[in-house]
Amino acid sequence: MMTRKTRLALVGILALLLAACGGSSSNPTVSMKDMRFRQTEVHVKAGQPVTLRVVNQDGYAHAFDIDAFDIHTPLAANEVREFTITPQQPGRYDFYCGTPGHQMAGMVGVLIVEP
Ligand SMILES: [Cu+2]
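All residue numbers for the sequence shown refer to the working numbering, where the first residue is 50 and numbers rise by one.
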């Protein structure tokens, strides 16, 4: 289980990585590894189609769920899936792993749709 400090450190590292990439990843990747999302924040632009790439790097099944977009995608071990959305409303939309118990274990993140 991840401590709060670890989580904050990871968020900091992610922020640095995003800044290094210019912060504009038009086709963001969300990787699943060791029962967590490696990207807990994904930034996209409202009104623009974006292809989200979800990579399960674990040797067991996960799922990728965003209720707001009616996305509920199971991923087998080591499976990669892509789906394209065009978010219209700016806001924060939670995503999580719908495999029983995984959300409780911390497999959560947020899709941030910027205006
Ligand atoms: Cu999971």
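C-beta atoms are modelled at their ideal positions from N, C-alpha and C, and glycine is treated no differently.
So, helix, strand or coil for residue i, using DSSP?
i: Asp-114; result: strand
i: Arg-53; result: helix
Give me the Cα-Cα distance between residue i and residue j, rounded to the nearest whole angstrom.
i: Tyr-142; j: Asp-119; result: 11 angstroms
i: Lys-94; j: Glu-131; result: 17 angstroms
i: Ile-134; j: Leu-101; result: 8 angstroms
i: Gln-106; j: Lys-54; result: 24 angstroms
i: Met-156; j: Met-84; result: 6 angstroms
i: Arg-87; j: Ala-58; result: 12 angstroms
i: Lys-82; j: Leu-124; result: 12 angstroms
i: Ala-117; j: Asn-127; result: 25 angstroms
i: Pro-77; j: His-111; result: 18 angstroms
i: Cys-146; j: Asp-114; result: 6 angstroms
i: Thr-148; j: Thr-89; result: 17 angstroms
Let's see if you can read the secondary structure: which residues bound the beta strand (DSSP E) around residue i?
i: Asn-76; result: Taken as a continuous stretch (DSSP letters only), Asn-76 belongs to no beta strand (DSSP E), as it is neither H nor E.
i: His-121; result: 120-124
i: Arg-1; result: This structure leaves residue 1 out entirely; the chain is present only between 50 and 164.
i: Glu-128; result: Premise fails: Glu-128 is in no beta strand (DSSP E) and is neither H nor E.
i: Thr-100; result: 99-105
Could you tell me which residues DSSP puts in a beta bridge with residue i?
i: Tyr-145; result: Asp-114, Val-157
i: His-92; result: Ile-161
i: Thr-135; result: BP columns for Thr-135 are empty, so no partner.
i: Gly-150; result: Paired residues: none, contrary to the question.
i: Gly-140; result: Val-162
Would you say residue i reaches chain B, if we count a Cβ-Cβ gap shorter than 8 angstroms as a contact?
i: Pro-164; result: Considering every chain present, this structure includes no chain B. It has just one protein chain.
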